[in-house]
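Inspection log for the structure reproduced underneath, given as structure tokens.
There are 2 protein chains.
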Amino acid sequence: MKAQDVAIDVSQVRNLPLFRQMEPAALARLMARATPRRVAQGGLVFEQGAEAVAFYLLLHGRLKVTQVTPDGQQVMVRVVHPGDLFGFARALARPDYPGTARAAVESIVVGWPMADWDAVVENNPRLAINAMQTIGQRLDEAHTRLREMSTQEVERRVAHAVLRLAEKAGRIEAAGTRIDFPITRQDIAEMTGTTLHTVSRLLSSWESQGLVEGGRQKLTVVDAEGLARIADPED
Amino acid sequence: MKAQDVAIDVSQVRNLPLFRQMEPAALARLMARATPRRVAQGGLVFEQGAEAVAFYLLLHGRLKVTQVTPDGQQVMVRVVHPGDLFGFARALARPDYPGTARAAVESIVVGWPMADWDAVVENNPRLAINAMQTIGQRLDEAHTRLREMSTQEVERRVAHAVLRLAEKAGRIEAAGTRIDFPITRQDIAEMTGTTLHTVSRLLSSWESQGLVEGGRQKLTVVDAEGLARIADPED
DNA sequence: CCCCTTGTTTGCGTTTTCGCAAAGTGCAGG
DNA sequence: CCTGCACTTTGCGAAAACGCAAACAAGGGG
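Written as structure tokens, this is what we have:
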């Protein structure tokens, strides 16, 4: 895939939190070194265990980042949304990618050579702070999920996961908020640490209560308040 | 508690990974702004929800960082070991501390005003990279725990947690490797997302198998290989 | 030195969730 | 239009872990 395949829309990038308060000149210099790349649905940006040769920014589309455990079980680490930085293994002092990034829909990413990372960070203090906040938020999310996994039963965890997806990747439709990329019950199970079967049972039950509408690789939140009550039954 | 209470041993700090490759002058300048503080056993460095006024480095001792969920359950986020940076809420773009840091044993911390964070990061690119790696490793650890929580049954999770503690905070003794600070079954339960009762049962069972030796707020790993076999039953 | 608080052990019934199995069903490609 | 794969649903028995309850230490404070 060649750089020419896609043009980088700098104006689109300028407004990302990651580049906030960066000097236009520095940003332009940075973008000049970037390589855009189109990834077909189901295609890989990088694979778990591969040498981390580049870090990326998702411009358009949606990625699922998964890890496979030594004993063969799969876990979904996170969903990458447009504007997110990902694959920054260097920042974790790792030589390889800890997970696999797969395009849930046709996506456009821009990549930089991983060797640039340190220099980029050293020469762009403002970017360094922003990148740190990005990683910090990632850490915060991980802690949130850990807290949920530690203290909440499966139903609440799944409700939280679905609500988060709707918020981050929802598209308003007549019936409600539709998750804007193909997602399977298996995916949701891998996000919440449960099984395909349990997720299916829950969604069926919710559907009969009019909270959601399901379908093959589809999910629409019909009654977000109702779901939120399941997720957080205080009141 | 006054700064005079404790003297900062700069030579001790110089070798920390966090300050690696930093210019001595910059390090000296940094340490000049630091406030050392002694924390008694059971004392708090900061409390969940409080305004994040400072970030810290643990020089000596051991801290437990916990969070309380809205419905009152407690989770142990992590154990802070000497040399660890903690309480860097600013890096997460948070105005408050997400957890409570309590001294498991008498500890010595040094703190910097949180307002210094951005300047420190901007003016010390080398430190910025190191700090990012620190946060990155924290993220890695969180993902490891998430993976464990998602895919492993309780016994394996507890075994992993105990082995990690022994590695990070173990002191060699005649009987084996002793966890070097007071730790309760409840603590271990909060680290692994289970209950006090289940942990107690497991440790009892392991003790009868000669893998560990327990006691009130005490834990000694007698047979690390045996425990590792429980943690990772491949082979 | 004793008492009381805090932590630990253990039994038992109950609940949640899993795991297996088998039967539907939507959709893409031929 | 047909066919097959991938995804989904659902039932049922089994297992893991929880939650309650109650008894039992250990060690610090009076």
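Protein sequences appear in the order of chains R and X. Going by this note's numbering, the first sequence opens with residue 1, and the numbers climb by one from there. Going by this note's numbering, the second sequence opens with residue 1001, and the numbers climb by one from there. Just so you know, even glycine gets a beta-carbon here, dropped at the ideal spot from N, CA and C.
Contact check between the region 1088-1097 of chain X and the region 214-228 of chain R: fewer than three CB pairs, one atom from each, fall below 8 Å, which does not count as touching. By the Cβ-count criterion, E1234 of chain X is exposed, with fewer than 16 other Cβ atoms from all chains shown falling within 10 Å of its own Cβ. Residue nearest to G1193 of chain X within the set X:D1180, X:E1148 and X:V1013 is X:E1148 (criterion: CA-CA distance). Per DSSP, T69 of chain R lies in no beta strand (DSSP E) segment and is marked neither H nor E. Under the three-pair Cβ rule at 8 Å, the region 54-73 of chain R does not count as touching the region 136-146 of chain R.
In the three-state reduction of the DSSP assignment, P182 of chain R falls in the coil class. Using a Cβ-Cβ distance cut-off of 8 Å, the region 1197-1214 of chain X and the region 158-178 of chain R are not in contact, since fewer than three pairs of beta carbons, one from each stretch, lie closer than that value. Against chain X, the CB of S200 of chain R has no partner CB under 8 Å away; the residue lies outside that interface. Taking the CA atoms as reference points, R37 of chain R sits about 42 Å from S208 of chain R.
In the three-state DSSP reduction, F88 of chain R falls in the coil class, being neither helix nor strand. Cβ neighbours of R62 of chain R within its own chain (closer than 6 Å, five residues either side excluded): A104, V105 and F181. Boundaries around E1106 of chain X are those of the beta strand (DSSP E), T1100 to P1113, since no alpha helix (DSSP H) includes it.
Cβ-Cβ separation between P82 of chain R and L58 of chain R: approximately 5 Å, consistent with a contact (criterion under 8 Å). Under the Cβ distance rule, I183 of chain R does not count among the residues neighbouring chain X, no pair being separated by less than 8 Å. Among the residues of chain R, those whose CB is under 8 Å from the CB of L1139 of chain X are L92, I135, R138, L139 and A142, following chain order.
Boundaries for Q41 of chain R: no beta strand (DSSP E) harbours it, and the DSSP string shows neither H nor E there. In its chain, beyond the 5 residues on either side, L1211 have a beta carbon closer than 6 Å to the beta carbon of G1226 of chain X. V1077 of chain X sits away from H197 of chain R, with the two beta carbons spaced by 8 Å or more. Annotation for Q74 of chain R: the continuous beta strand (DSSP E) segment containing it runs Q74 to V80.
For E1051 of chain X, the secondary structure class from DSSP, reduced to helix, strand or coil, is strand.
Below 8 Å, too few C-beta pairs join the region 47-56 of chain R and the region 10-26 of chain R to call them touching: fewer than three. Proximity of R157 of chain R to chain X, defined by a Cβ-Cβ separation below 8 Å, is not satisfied.
Listed along chain X is no residue with a C-beta nearer than 9 Å to that of P36 of chain R; the closest approach is about 25 Å.
In this structure, R1178 of chain X places its C-beta atom within 8 Å of the C-beta atom of G1170 of chain X. V75 of chain R has a beta carbon lying within less than 8 Å of a beta carbon in chain X. If you draw a straight line from the Cα of E167 of chain R to the Cα of Q74 of chain R, it is about 24 Å long.
The beta carbon of A1228 of chain X sits closer than 8 Å to the beta carbons of A1159 and L1163 from its chain, once the five residues preceding and following it are set aside; these are given in chain order. By a beta-carbon distance limit of 8 Å, A26 of chain R contacts N124 of chain R. Their separation comes to about 6 Å.
For the region 1095-1113 of chain X, the beta-carbon criterion of a distance under 9 Å to any beta-carbon of chain R is satisfied by P1098 and G1099. Around the CB of G1087 of chain X, 16 or more other CB atoms lie within 10 Å, so the residue is classed as buried. For the C-beta of R147 of chain R, the chain X residues within less than 7 Å are, from N- to C-terminus, Q1067, T1069 and V1075. Distance check between E1153 of chain X and each of X:R1185, X:V1199, X:E1122 and X:P1113 places X:V1199 closest, using alpha-carbon atoms only. For M1132 of chain X, the residues of chain R that pass the 8 Å Cβ criterion are A91, V121, A128, A131, M132 and I135, in the order they occur in the chain. Inter-residue distance for D1187 of chain X and T1134 of chain X is about 24 Å (C-alpha atoms, whole angstroms).
S150 of chain R belongs to the set of residues whose beta carbon lies under 8 Å from a beta carbon in chain X. DSSP places G176 of chain R in no beta strand (DSSP E); its state is neither H nor E.
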